[in-house]
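Visitor:
There are 2 protein chains.
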Amino acid sequence: MKRKRTREVPLGSLIVGGEHPIWVEAMGRTHPGEWRRCLEEMEKAVSSGCEIFRVAVFDEKAVEGLKIIKSQKREIPLVADIHFDLSFAFSAIEAGVDAVRINPGTAKNKNVVKSLINLARERNVVLRLGANTGSLPSYLRGEERSNALFESVGEYVELARAQGMENLILSAKSTEVEETIEVYRRLSETFSYPLHIGLTEAGEGIQGIVKSAVAIGILLFEGIGDTLRVSLTSRSPVLETEIAWKILESLGIRSKDITLISCPTCARRRGDVVSFVQRFRQKMAGLKVREGVAIKVAIMGCEVNGPGEAKEADFGLALSKNGKAVLFARGSVLEVVPQEEGVEKLLTMVKEALSEEERE
Amino acid sequence: MKRKRTREVPLGSLIVGGEHPIWVEAMGRTHPGEWRRCLEEMEKAVSSGCEIFRVAVFDEKAVEGLKIIKSQKREIPLVADIHFDLSFAFSAIEAGVDAVRINPGTAKNKNVVKSLINLARERNVVLRLGANTGSLPSYLRGEERSNALFESVGEYVELARAQGMENLILSAKSTEVEETIEVYRRLSETFSYPLHIGLTEAGEGIQGIVKSAVAIGILLFEGIGDTLRVSLTSRSPVLETEIAWKILESLGIRSKDITLISCPTCARRRGDVVSFVQRFRQKMAGLKVREGVAIKVAIMGCEVNGPGEAKEADFGLALSKNGKAVLFARGSVLEVVPQEEGVEKLLTMVKEALSEEERE
Numbered sequence: 001m002k003r004k005r006t007r008e009v010p011l012g013s014l015i016v017g018g019e020h021p022i023w024v025e026a027m028g029r030t031h032p033g034e035w036r037r038c039l040e041e042m043e044k045a046v047s048s049g050c051e052i053f054r055v056a057v058f059d060e061k062a063v064e065g066l067k068i069i070k071s072q073k074r075e076i077p078l079v080a081d082i083h084f085d086l087s088f089a090f091s092a093i094e095a096g097v098d099a100v101r102i103n104p105g106t107a108k109n110k111n112v113v114k115s116l117i118n119l120a121r122e123r124n125v126v127l128r129l130g131a132n133t134g135s136l137p138s139y140l141r142g143e144e145r146s147n148a149l150f151e152s153v154g155e156y157v158e159l160a161r162a163q164g165m166e167n168l169i170l171s172a173k174s175t176e177v178e179e180t181i182e183v184y185r186r187l188s189e190t191f192s193y194p195l196h197i198g199l200t201e202a203g204e205g206i207q208g209i210v211k212s213a214v215a216i217g218i219l220l221f222e223g224i225g226d227t228l229r230v231s232l233t234s235r236s237p238v239l240e241t242e243i244a245w246k247i248l249e250s251l252g253i254r255s256k257d258i259t260l261i262s263c264p265t266c267a268r269r270r271g272d273v274v275s276f277v278q279r280f281r282q283k284m285a286g287l288k289v290r291e292g293v294a295i296k297v298a299i300m301g302c303e304v305n306g307p308g309e310a311k312e313a314d315f316g317l318a319l320s321k322n323g324k325a326v327l328f329a330r331g332s333v334l335e336v337v338p339q340e341e342g343v344e345k346l347l348t349m350v351k352e353a354l355s356e357e358e359r360e
Numbered sequence: 001m002k003r004k005r006t007r008e009v010p011l012g013s014l015i016v017g018g019e020h021p022i023w024v025e026a027m028g029r030t031h032p033g034e035w036r037r038c039l040e041e042m043e044k045a046v047s048s049g050c051e052i053f054r055v056a057v058f059d060e061k062a063v064e065g066l067k068i069i070k071s072q073k074r075e076i077p078l079v080a081d082i083h084f085d086l087s088f089a090f091s092a093i094e095a096g097v098d099a100v101r102i103n104p105g106t107a108k109n110k111n112v113v114k115s116l117i118n119l120a121r122e123r124n125v126v127l128r129l130g131a132n133t134g135s136l137p138s139y140l141r142g143e144e145r146s147n148a149l150f151e152s153v154g155e156y157v158e159l160a161r162a163q164g165m166e167n168l169i170l171s172a173k174s175t176e177v178e179e180t181i182e183v184y185r186r187l188s189e190t191f192s193y194p195l196h197i198g199l200t201e202a203g204e205g206i207q208g209i210v211k212s213a214v215a216i217g218i219l220l221f222e223g224i225g226d227t228l229r230v231s232l233t234s235r236s237p238v239l240e241t242e243i244a245w246k247i248l249e250s251l252g253i254r255s256k257d258i259t260l261i262s263c264p265t266c267a268r269r270r271g272d273v274v275s276f277v278q279r280f281r282q283k284m285a286g287l288k289v290r291e292g293v294a295i296k297v298a299i300m301g302c303e304v305n306g307p308g309e310a311k312e313a314d315f316g317l318a319l320s321k322n323g324k325a326v327l328f329a330r331g332s333v334l335e336v337v338p339q340e341e342g343v344e345k346l347l348t349m350v351k352e353a354l355s356e357e358e359r360e
């Protein structure tokens with residue numbers, strides 16, 4: 001898993017691409033004109049790990065809201081999502097956004113696009129060129145979809161380059177995993193601009209989570225992606241932010257949570273693993289884990305894989321017979337204790353380790 | 001995404017490998033000695049899509065239960081999971097199981113393993129050789145883990161081959177995604193036996209689901225895997241079965257549910273997409289979709305990607321202004337209707353399509 005090297009593009013307070021972190025983006029559900037609610041939503045998303053916030057901008061009220069939002073929350077890069085009427089892209093730049101996202105399928109007037117590119121270049125605003133299977137340009141419909149996605153983005157990249165604009169981020173999302181992988185592989189081979197990755201309209205609930213994890217996981221594993229968004233049907237940007245982090249954590253790319261290794265349980269289990277794991281998770285839920293700390297905890301049900309995994313983890317509990325459990329820390333057995341006590345001691349050790357990390 | 005061709009291995013009523021479906025395996029939580037409860041659990045897992053059922057066997061009572069379970073549920077391949085005391089592998093074969101899974105890290109006595117191989121070969125029982133990072137043989141601990149997993153499986157493959165036993169299925173699961181991919185790539189390059197894939201001890205809830213989807217998704221996308229299991233900490237094998245199917249569906253490999261394309265919603269939404277999607281899902285939840293039917297439904301919030309995705313789907317609803325929505329079927333606009341009515345009509349069309357499929 002070696003990340004493909006992209007060009008560095010400054011986006012507000014962040015730099016996207018190169019060896020900079022793969023940033024988590026989320027999109028607001030609130031109209032930016034309702035700036036108080038929009039700021040609240042943004043605050044919640046940021047607390048859950050959102051690092052780039054995108055909002056839909058399609059009327060004057062939204063532009064007015066952008067000014068206030070940007071003045072109150074300078075540190076989070078703000079992206080205006082523009083379709084059809086590009087005049088709002090110009091006014092969003094005037095309002096102070098860090099990037100505008102336009103879609104080759106909905107931004108049709110090339111002369112206006114050229115003027116927009118010029119303004120963005122002058123103001124040092126990033127242009128995200130983002131295509132989508134649901135809005136391919138009409139002249140490309142009927143073509144094989146991943147090809148159409150690639151072509152439509154490529155055409156706008158050429159427009160930007162012709163104007164000397166290099167602060168670009170590209171995306172081309174399909175609803176299908178295989179098409180998404182195909183088009184991103186081509187974008188990555190062809191261009192050096194950072195790529196914003198995701199699967200579009202992944203749906204709701206478990207289906208959306210699994211489909212997004214598979215698509216984004218494959219791309220990240222191939223080294224593709226500089227920012228990412230998980231597009232889930234839900235009322236807030238918090239869930240999509242959390243899932244984005246879980247995907248990054250699953251590959252060990254970034255982490256801001258404890259990694260919990262626990263067995264599925266079977267007839268061999270020596271105690272109630274499910275409730276011990278749930279209790280542990282509930283009691284740890286409030287605690288902030290500083291990024292990169294990466295503490296691994298194992299809670300295991302029997303002697304088959306229990307001692308092995310508990311030893312490999314930073315802290316581990318392997319249930320054993322007669323209501324006992326073996327407590328491990330950093331690879332060594334600490335003591336044999338009653339199971340309930342073992343869970344409490346595990347919690348204490350992890351909390352202590354976290355507060356030590358905090359002090360450092 | 002081209003599946004790597006493996007040898008065909010008969011497993012009870014199924015054939016594993018070759019061009020046969022990638023089967024979904026799940027593991028029981030109940031002691032097989034409690035055969036009534038075990039059968040109930042198996043029934044639930046099978047209803048949710050489990051095709052191979054594995055149970056832990058580690059005492060005489062379990063062996064007795066196996067006989068009854070097997071006699072009452074012949075059609076589902078039954079796998080006995082054996083560690084430490086291999087005598088139960090012999091008696092599980094006598095009890096009629098279709099496969100025994102042994103672990104190179106816990107099945108240490110090579111002479112006993114050789115006799116077991118002979119018995120399995122004579123009885124036409126599959127031997128699954130499954131290694132695990134939590135139970136690596138002691139002489140391999142300290143080695144790089146994916147290498148140790150590979151070596152330990154390889155050694156037992158040689159033992160089996162030396163006895164003329166070829167009905168093997170191999171697995172080598174790590175708790176880490178990258179190690180898991182690495183060892184399965186090697187197994188796939190080295191051996192032609194079918195591979196049972198999965199990430200071990202993935203944990204609980206969303207973390208476990210995302211981590212499993214990423215690992216298994218990457219392997220399947222690389223063409224690796226003939227059976228799969230999702231190892232989630234939970235009280236029943238139903239959730240792991242459902243997630244296994246969602247992973248297969250996300251890649252279009254197999255399907256037994258409607259694919260729902262729906263947007264995450266943003267300020268542009270023309271109505272309450274979230275509740276329309278949830279209502280649709282709830283009303284479809286009871287309906288069985290025959291495998292391979294693969295109906296795609298889109299419920300979209302606005303005119304950016306709405307009409308495009310609704311047109312691409314088999315049936316689609318694109319919300320539009322003034323409380324209206326555009327209803328699509330098989331690529332064409334049917335009518336413009338009030339949104340609530342649109343959802344109901346969408347449901348009716350999908351139900352009709354499903355019952356037509358059922359009649360065919």
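Just so you know, the sequences run in chain order A and B. Here the first sequence is numbered in my numbering, starting from 1 and rising by one per residue. Here the second sequence is numbered in my numbering, starting from 1 and rising by one per residue. We put the CB at the ideal spot given by N, CA and C, even for glycine.
Using a C-beta to C-beta distance shorter than 7 Å, which residues of chain A count as neighbours of lysine 211 of chain B?
Guide: Residues of chain A passing the Cβ test: Ser250.
Visitor: Less than 8 Å separating the beta-carbons of leucine 364 of chain A and alanine 160 of chain A?
Guide: Nothing about residue 364 of chain A can be reported from this structure: the residues present for chain A run from 1 to 360 only.
Visitor: When you compare the CB positions of serine 262 of chain A and glycine 198 of chain B, do they come within less than 8 Å of one another, or not?
Guide: Cβ distance not < 8 Å, so serine 262 of chain A and glycine 198 of chain B don't count as in contact.
Visitor: Check distances from the C-beta atoms of the stretch 56 to 88 of chain A to those of chain B and list, in chain order, the residues that come in under 9 Å.
Guide: Cβ contacts with chain B come from Ala56, Val57, Phe58, Ala62, Asp81, His83, Phe84.
Visitor: Take glutamate 34 of chain A as the anchor and find which of A:Gly12, A:Leu129, A:Asp59 has the nearest alpha-carbon.
Guide: That would be A:Asp59, whose Cα lies nearest to the Cα of glutamate 34 of chain A.
Visitor: CA-CA distance, threonine 233 of chain A and leucine 354 of chain A?
Guide: Spanning the two alpha carbons is a distance of roughly 34 Å.
Visitor: Starting from the C-beta of aspartate 98 of chain B, find all residues in its chain whose C-beta is less than 6 Å away, skip the five residues before and the five after it, and write them out in chain order.
Guide: Here the set comprises Leu11, Gly12, Pro77, Leu78.
Visitor: Taking its Cβ as the centre, do 16 or more other Cβ atoms sit within 10 Å of arginine 141 of chain B, making it buried, or is it exposed?
Guide: Exposed, by the Cβ-count rule.
Visitor: Can you give the beta carbon distance from asparagine 111 of chain A to histidine 83 of chain A, rounded, assuming they're within the 8 Å contact cut?
Guide: Not a contact, Cβ separation roughly 18 Å.
Visitor: Determine whether the Cβ of cysteine 263 of chain B lies closer than 8 Å to any Cβ atom of chain A.
Guide: Cβ-Cβ to chain A under 8 Å: yes for cysteine 263 of chain B.
Visitor: Tell me, please, whether the stretch 338 to 346 of chain A touches the stretch 37 to 44 of chain B by the rule of three or more beta-carbon pairs shorter than 8 Å.
Guide: No, the stretch 338 to 346 of chain A is not in contact with the stretch 37 to 44 of chain B.
Visitor: Could you check how far apart the C-beta atoms of aspartate 226 of chain A and threonine 30 of chain A are, in whole angstroms? I think they sit under 8 Å.
Guide: The Cβ separation is near 26 Å, so there is no contact.
Visitor: Check whether chain A comes within 8 Å of glycine 306 of chain B, counting only Cβ atoms and requiring the distance to be less than that.
Guide: Chain A contact via Cβ: present.
Visitor: By Cβ distance below 7 Å, which residues in the same chain neighbour glycine 306 of chain A in space, the five residues on each side in sequence not counted?
Guide: These residues qualify, in order along the chain: Met300, Ala318, Leu319.
Visitor: Just mark serine 138 of chain B as buried or exposed, buried being the case when its beta carbon has 16 or more other beta carbons within 10 Å.
Guide: Per the 10 Å Cβ criterion, exposed.
Visitor: If distances are taken between C-alpha atoms only, which option among A:Val157, A:Glu178, A:Ser115 comes closest to glutamate 249 of chain B?
Guide: Of the listed residues, the one whose Cα sits closest to glutamate 249 of chain B is A:Glu178.
Visitor: Report the residue from B:His196, B:Lys246, B:Leu239 whose alpha carbon sits nearest the alpha carbon of valine 214 of chain B.
Guide: Per the Cα distances, B:Lys246.
Visitor: Does DSSP put lysine 211 of chain B in a helix, a strand or coil?
Guide: Lysine 211 of chain B falls in the helix class under three-state DSSP.
Visitor: Chain A partners of arginine 3 of chain B, CB-CB under 7 Å?
Guide: Within 7 Å Cβ-Cβ: nothing; arginine 3 of chain B doesn't reach chain A, min ~13 Å.
Visitor: One question on the structure: do valine 55 of chain B and aspartate 81 of chain B come within less than 8 Å of each other, judged by their Cβ atoms?
Guide: Against a cut-off of 8 Å, the Cβ pair of aspartate 81 of chain B and valine 55 of chain B comes out as a contact.
Visitor: How long is the line joining the alpha carbons of lysine 211 of chain A and leucine 251 of chain B, rounded to whole angstroms?
Guide: Roughly 8 Å separates the two Cα atoms.
Visitor: Hey, quick one: how far does the beta strand (DSSP E) through leucine 159 of chain A stretch, first residue to last?
Guide: Premise fails: leucine 159 of chain A lies in the alpha helix (DSSP H), 145 to 162, not in any beta strand (DSSP E).
Visitor: Let me see if you follow: with CB-CB separation under 8 Å, is glutamine 282 of chain B close to chain A or not?
Guide: No, no contact with chain A.
Visitor: Give me, in chain order, the residues of the same chain whose beta-carbon lies closer than 6 Å to that of arginine 268 of chain B; leave out the 5 immediate sequence neighbours on both sides.
Guide: Excluding sequence neighbours, arginine 268 of chain B sits near Cys302.
Visitor: Check for me: the alpha helix (DSSP H) holding glycine 65 of chain A runs from which residue to which?
Guide: Start and end: 60 to 72.
Visitor: I'd like the list of long-range same chain contacts for asparagine 109 of chain B, defined as Cβ closer than 8 Å, with 5 residues on each side in sequence excluded.
Guide: Cβ within range, chain order: Leu86.
Visitor: How would you write the range of the alpha helix (DSSP H) that phenylalanine 280 of chain B sits in, first residue to last?
Guide: Taken as a continuous stretch (DSSP letters only), the alpha helix (DSSP H) holding phenylalanine 280 of chain B covers 273 to 284.
Visitor: With a floor of 4 residues, list each alpha helix (DSSP H) that falls wholly inside the stretch 299 to 354 of chain B, ordered by position along the chain.
Guide: With a minimum length of 4 residues, the continuous alpha helix (DSSP H) runs that stay inside the stretch 299 to 354 of chain B are 306 to 312.
Visitor: Give the secondary structure of serine 171 of chain B by DSSP, where H, G and I count as helix, E and B as strand, and everything else as coil.
Guide: In the structure shown, serine 171 of chain B sits in a strand (DSSP, three-state: E or B).
Visitor: By the three-class DSSP mapping on this structure, what secondary structure does arginine 128 of chain B have?
Guide: Three-state result, arginine 128 of chain B: strand.
Visitor: Is tyrosine 156 of chain B a contact residue of the ligand HEM, with contact defined as CB to any heavy atom under 7 Å?
Guide: Only the bare structure without any ligand can be found here, which leaves the ligand HEM out of the picture.
Visitor: Going by the DSSP bridge assignment, what does phenylalanine 53 of chain A pair with across the sheet?
Guide: Partner(s): A:Ala26, A:Leu78.
Visitor: Using 8 Å as the threshold, is the C-beta distance between leucine 66 of chain B and leucine 129 of chain B below it?
Guide: No.
Visitor: Kindly indicate which three-state DSSP category arginine 101 of chain B falls into: helix, strand or coil?
Guide: Residue state, collapsed to three classes: strand.
Visitor: Give me the Cα-Cα distance between cysteine 266 of chain B and glutamate 312 of chain A, rounded to the nearest whole angstrom.
Guide: Distance between the alpha carbons of cysteine 266 of chain B and glutamate 312 of chain A: 44 Å.
Visitor: Pick from A:Ser275, A:Val304, A:Val100, A:Val289: whose alpha carbon is nearest that of valine 126 of chain A?
Guide: With distances taken between Cα atoms, valine 126 of chain A lies closest to A:Val100.
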